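Number of protein chains: 4
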Amino acid sequence: MKTKKEQILNSALTLFGTHGFDATSTNKVAKAAGVSEGLIFRHFQSKKGLLNAVMASGVERAEQSYNEILSLKKPKDVLRGIIELPFSIEKKEHSYWKLLYSLKWQAGEYEDNSSAQLKKGLNKVFKDLKYKDPKAETEILLSIMDGMAMTILLRNPRNKKAILEVLLKKYKL
Amino acid sequence: MKTKKEQILNSALTLFGTHGFDATSTNKVAKAAGVSEGLIFRHFQSKKGLLNAVMASGVERAEQSYNEILSLKKPKDVLRGIIELPFSIEKKEHSYWKLLYSLKWQAGEYEDNSSAQLKKGLNKVFKDLKYKDPKAETEILLSIMDGMAMTILLRNPRNKKAILEVLLKKYKL
Amino acid sequence: MKTKKEQILNSALTLFGTHGFDATSTNKVAKAAGVSEGLIFRHFQSKKGLLNAVMASGVERAEQSYNEILSLKKPKDVLRGIIELPFSIEKKEHSYWKLLYSLKWQAGEYEDNSSAQLKKGLNKVFKDLKYKDPKAETEILLSIMDGMAMTILLRNPRNKKAILEVLLKKYKL
Amino acid sequence: MKTKKEQILNSALTLFGTHGFDATSTNKVAKAAGVSEGLIFRHFQSKKGLLNAVMASGVERAEQSYNEILSLKKPKDVLRGIIELPFSIEKKEHSYWKLLYSLKWQAGEYEDNSSAQLKKGLNKVFKDLKYKDPKAETEILLSIMDGMAMTILLRNPRNKKAILEVLLKKYKL
DNA sequence: CATGAATGAGTATTCATTCAT
DNA sequence: CATGAATGAATACTCATTCAT
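Below is the structure:
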């Protein structure tokens, strides 16, 4: 059986992800987790502390995915891996990603710097592949990834496979 | 001189856009607009009513841009116009777009269907230009647009011009 | 009929005076005053703001008494007036004085500087009356006043008259 | 090395004395004492129980001082001893006395009856010394002591020695 | 004896909304 | 049309206290 701390983290992730951080009261989190409200503060100090804990537990997994791909040897493999990333978000991870993206629009709420390494890695890939303007290409691909994530998380189109194929072809993969 | 109703709309747009809908109290909006709090409710019934009014006034301008571009005759001109769109968001419109995007991540807060026509139009363009999978191409371009908007509104990269050029070249424009 | 703001001030004075500032919740004040809790904050910003308002309304009356006495011409009249002061606290003013004295023991809660002028005045009186050590005499009389106030407010002895007489005789009045 | 129970008592005295009883949480006491919060309740049942224990340990010392002085044979020695009392409060005892006095203003918090014997003793002294109204004299001296304690604990005047001398002269000591 | 997780009632304060003027 | 006093429900957070270990 899960510890109460984990129950709180789970409930918080789901609620923050679906209704947003501001719109989710600690009271709701406590009820969803089946614990007293006070316990949240004993474990996480503040609501923002809870948010940070929720994010931290997700960031780990995300960074792992990144780094695994970035450490591949052939640049083309890296590129493919990165592009495939948004398409491989599992259902049970949706809450986490929704939360992450919604936070990006809320200034100051949460600082995300996981993309710094990703940027570096992509830049190198485009250089290795002799693209003319690697920096611009990096920004474009990062944007595509963010946009694709948005599309998949919010609109969930049926033709994801077809989309991925077309996308890969654009990068000659 | 602006009517008090307009003052409220302006202040609400700015505040909602910078601090978010939830984090902006009607009290703050009233003070920023220099009116009494009660007046907000006389004019807009509820806080959500104010949000809807704010969005409506923005949607109008947005749709106008869309439609102007979509009504161009040459498919390539349409394509170029659409792609250029995120790059041409004016500073004073940032609040509106930030608000729009942040709302997209908050289920139920606001329903955006402005993209339906855009989707249709793009689909036709890609068909006319003989792209193999127009539906997938449409989804990709919409995603690129969302992603580019995110990039520009949140990270504001310096090499916007270069990015746009590379992007246009990808579509042979 | 009294305004709600005044009702709040009255209830706060009574409750703060009898149970102390910390032990009195804004909820209790609101209920005692027959108003909503929110109104307290609309009028006084914070609980401490309420305390300040409560004290300010009392300080005025207190300083008036002081100054009236200090402005008497004959030093002996001043001395008698000051000594009689603690004995003339009216029942309906007990809450205020209890609150004032209890606050003196709570560092930082409320800054009382009303005694500065009183000190000056007494010093002059003792000089005029050729007492050997006016400064020490002043400190002693101030202490006697504080002590008498304590005695009267907390123990309320039956022989107040007799006490006053003995006290006056000590100062040859 | 001190027992944990004593550590709790010490920390409680200091904190209660400096910040007040209400403003001091059992959590703070536990942390200051370096023990678990639960232990406080094992030893003292409740927060008020802790308060009583803190006071009791102080009352003992205080009563000892009283009784020592009251048992002196010459009435004048008793009088001098009592008057000197407030001037001989040691720095490390300040917390205790501040707490005691602040509690006197909080109805019901703590019942102080230590002064009963003191009253009796003083009454006898004034009778022995043929003062005209011993009861009134007793009340006055008790008030002076309370007032002096207040002065010393809160304002800490520099001319304490001079004050004491003048005071003793008033009682022909 | 001692801990620390857990609770439930309570805290000051905020907020959207109403309404008499 | 416009105000501002007033409300009641909600909010994040605190606290004294309990209890299993």
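Chains as they are written, first to last, in our numbering: chain A, 1 to 173; chain B, 1001 to 1173; chain C, 2001 to 2173; chain D, 3001 to 3173.
Beta carbons: idealized from backbone N, C-alpha and C, even for Gly.
Quantities reported herein were computed from a predicted structural model and do not represent experimental measurements.
- If you measure beta-carbon to beta-carbon, which residues of the region 2019-2048 of chain C are closer than 8 Å to chain D? H2019, G2020, D2022, A2023
- So, are the CB atoms of L1051(B) and K1004(B) less than 8 Å apart? In the second sequence, residue 1051(B) corresponds to position 51, counting from 1. In the second sequence, residue 1004(B) corresponds to position 4, counting from 1. Not closer than 8 Å, so no.
- Query: Less than 8 Å separating the beta-carbons of M1150(B) and Y1101(B)?
  - Reply: Counting from one through the second sequence, the residue named residue 1150(B) turns up at place 150. Counting from one through the second sequence, the residue named residue 1101(B) turns up at place 101. Against a cut-off of 8 Å, the Cβ pair of Y1101(B) and M1150(B) comes out as a contact.
- Item | Cβ-based neighbour list, K1048(B), same chain, cut-off 7 Å, excluding 5 preceding and 5 following | As a first step, residue 1048(B) is located in the second sequence; it is residue number 48 there, counting from the start. Here the set comprises nothing.
- Item | Cβ neighbours of I2148(C) in the same chain (closer than 6 Å, five flanking residues each side left out) | What you label residue 2148(C) is simply residue 148 of the third sequence in a count that begins at 1. Looking at the sequence itself, residue 2148(C) is Met, so the reference to Ile does not match. Counting only Cβ-Cβ distances below 6 Å, and skipping sequence neighbours, we find P2086.
- With distances taken between CB atoms, is the gap from Y2066(C) to L2118(C) smaller than 8 Å? Translated into the one-based positions of the third sequence, residue 2066(C) becomes position 66. Translated into the one-based positions of the third sequence, residue 2118(C) becomes position 118. Contact flag set, yes.
- Message: When you compare the CB positions of G1034(B) and Q1007(B), do they come within less than 8 Å of one another, or not?
- Response: Mapped onto the second sequence, residue 1034(B) falls at position 34. Mapped onto the second sequence, residue 1007(B) falls at position 7. A contact, by the Cβ cut-off of 8 Å.
- Alpha-carbon spacing of L55(A) relative to H94(A), whole angstroms: Along the first sequence, read from residue 1 onward, the residue named residue 55(A) stands at position 55. Along the first sequence, read from residue 1 onward, the residue named residue 94(A) stands at position 94. One point to set straight first is that residue 55(A) is Met, not Leu, in the sequence displayed. Taking the straight line joining both Cα atoms gives about 13 Å.
- Does any CB atom of chain D fall closer than 8 Å to the CB of W2105(C)? On the third sequence, position 105 is the one that residue 2105(C) refers to. Cβ-Cβ to chain D under 8 Å: yes for W2105(C).
- Task: Taking only the alpha-carbon atoms, compute the straight-line gap between K1031(B) and L103(A) and give it to the nearest angstrom.
- Result: Translated into positions along the second sequence, residue 1031(B) becomes position 31. Translated into positions along the first sequence, residue 103(A) becomes position 103. So the alpha carbons of these two residues sit roughly 27 Å apart.
- Task: Quick one: using the 10 Å Cβ neighbour count with 16 as the cut-off for buried, is S1011(B) buried or exposed?
- Result: Numbered from 1 along the second sequence, position 11 holds the residue referred to as residue 1011(B). The residue in question, S1011(B), is buried, as its Cβ has 16 or more Cβ neighbours within 10 Å.
- Task: In angstroms with no decimal places, state the Cα-to-Cα distance between N3156(D) and E3060(D).
- Result: As a first step, residue 3156(D) must be located in the fourth sequence, where it is residue number 156. As a first step, residue 3060(D) must be located in the fourth sequence, where it is residue number 60. Rounded to the nearest angstrom, the two C-alpha atoms are 25 Å apart.
- Mind listing the chain C neighbours of L3122(D)? Cutoff is C-beta to C-beta under 7 Å, in chain order. On the fourth sequence, residue 3122(D) is found 122 positions in, with the first residue counted as 1. Under the 7 Å cutoff, chain C gives no residues; its nearest Cβ is about 13 Å from L3122(D).
- Item | contact_flag[the region 3012-3021 of chain D, the region 2129-2138 of chain C] where n(CB pairs < 8 Å) is 3 or more | no
- Item | Reference E68(A), options L153(A), E90(A), E165(A), G121(A), closest by Cα | The residue labelled residue 68(A) in the question sits at position 68 within the first sequence. That would be G121(A), whose Cα lies nearest to the Cα of E68(A).
- Query: What number of angstroms, rounded off, separates the C-alpha of K3074(D) from the C-alpha of K2160(C)?
  - Reply: The residue given as residue 3074(D) occupies position 74 in the fourth sequence. The residue given as residue 2160(C) occupies position 160 in the third sequence. Approximately 29 Å, taken between the alpha carbons.
- Query: So which residues of chain B does Y101(A) contact, with C-beta pairs closer than 7 Å?
  - Reply: Within the first sequence, numbered from 1, the residue matching residue 101(A) stands at position 101. What Y101(A) touches in chain B: W1105.
- Task: Output yes if chain C places a C-beta closer than 8 Å to the C-beta of K3119(D); else output no.
- Result: On the fourth sequence, position 119 is the one that residue 3119(D) refers to. No, no contact with chain C.
- Can you give the Cα-Cα distance for S3057(D) and N2123(C), rounded to whole angstroms? What you label residue 3057(D) is simply residue 57 of the fourth sequence in a count that begins at 1. What you label residue 2123(C) is simply residue 123 of the third sequence in a count that begins at 1. Rounded to whole angstroms, S3057(D) to N2123(C) spans 40 Å at the Cα level.
- Query: Would Y2096(C) pass as a contact of L2013(C) if the rule is Cβ separation under 8 Å?
  - Reply: Position 96 of the third sequence, counted from the start, is the residue given in the question as residue 2096(C). Position 13 of the third sequence, counted from the start, is the residue given in the question as residue 2013(C). Their beta carbons are under 8 Å apart, which means Y2096(C) touches L2013(C) by this criterion.
- Any beta-carbon of chain D closer than 8 Å to the one on P2134(C)? As a position in the third sequence, residue 2134(C) is number 134, starting the count at 1. By this cut-off, P2134(C) is not an interface position.
- Task: Please go through the region 1060-1140 of chain B and give each complete alpha helix (DSSP H) segment of 4 or more residues, from N-terminal end onward.
- Result: 1075-1084, 1094-1104, 1115-1128
- Task: Measuring only between beta-carbons, confirm whether G147(A) sits less than 8 Å from chain B.
- Result: What you label residue 147(A) is simply residue 147 of the first sequence in a count that begins at 1. It does; some Cβ of chain B falls within 8 Å.
- Task: Rounded to whole angstroms, what's the CA-CA distance from E176(A) to S1143(B)? Just pull it up for me.
- Result: Here chain A covers residues 1 to 173 and nothing more, so residue 176(A) does not appear.
- Query: Of all Cβ atoms in chain B, is any one closer than 8 Å to the Cβ of N159(A)?
  - Reply: Working through the first sequence from its first residue, we reach residue 159(A) at position 159. Judged by the 8 Å Cβ criterion, N159(A) is in contact with chain B.
- Reference I3082(D), options S3115(D), K3091(D), K3092(D), A3053(D), closest by Cα: Here residue 3082(D) corresponds to residue number 82 of the fourth sequence, with the count starting at 1. If we check each option's Cα against that of I3082(D), S3115(D) comes out closest.
- Output yes if chain C places a C-beta closer than 8 Å to the C-beta of V3166(D); else output no. On the fourth sequence, residue 3166(D) is found 166 positions in, with the first residue counted as 1. Closer than 8 Å to some Cβ of chain C, the Cβ of V3166(D) qualifies, so yes.
- Kindly list, in the order they appear in chain A, the residues whose Cβ is closer than 9 Å to that of E1093(B). In the second sequence, counting from the first residue as 1, residue 1093(B) sits at position 93. Here the premise fails: no neighbours, minimum Cβ distance about 16 Å.
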